[in-house]
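Report on the following structure.
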Amino acid sequence: MTLQTSPHRIWLEDLDGREVAFVSFPARSDRIVEIASTVVSPEFRGQGVAGLLLETLARQLRTQGKRAIPVCSYAVSWFSNHPEQRDLLWKPTP
17 MTLQTSPHRI WLEDLDGREV AFVSFPARSD RIVEIASTVV SPEFRGQGVA
67 GLLLETLARQ LRTQGKRAIP VCSYAVSWFS NHPEQRDLLW KPTP
């Protein structure tokens, strides 16, 4: 399995180069991304693949000094279950 990254997408390819999972996070601004979707092929579900994608995204956001707005249900749940990563969530200023 190979993990690939681009500015607004992280994906996992199997040994044949077939994409088996991805997380997409389009930019809302130069410092904020929206985690729009997390998708895993059925045969790879339940193996921690989606978690790996979100962990990779969290490291990337932290390195780049960016924040995220989770929109897809998996990302919302992931941040709920990983309180140590919640500082990466964008919070509007009053």
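Numbering (our numbering), first residue to last: 17 to 110.
Just so you know, even glycine gets a beta-carbon here, dropped at the ideal spot from N, CA and C.
Taking a 10 Å sphere around the C-beta of K82, we find 16 or more other C-beta atoms and assign the residue as buried. Measuring C-alpha to C-alpha distances from A52 to each of P110, Q76, P108 and Y90 identifies Y90 as the nearest. The beta carbon of W27 lies closer than 7 angstroms to those of Q20, E35, A37 and F38 in the same chain, with the five residues before and after it left out. Here the C-alpha atom of V65 lies approximately 34 angstroms from the C-alpha atom of T109. Within the model, the alpha-carbon separation for R102 versus V56 is close to 23 angstroms.
Residue pairing by DSSP places V92 in no beta bridge whatsoever.
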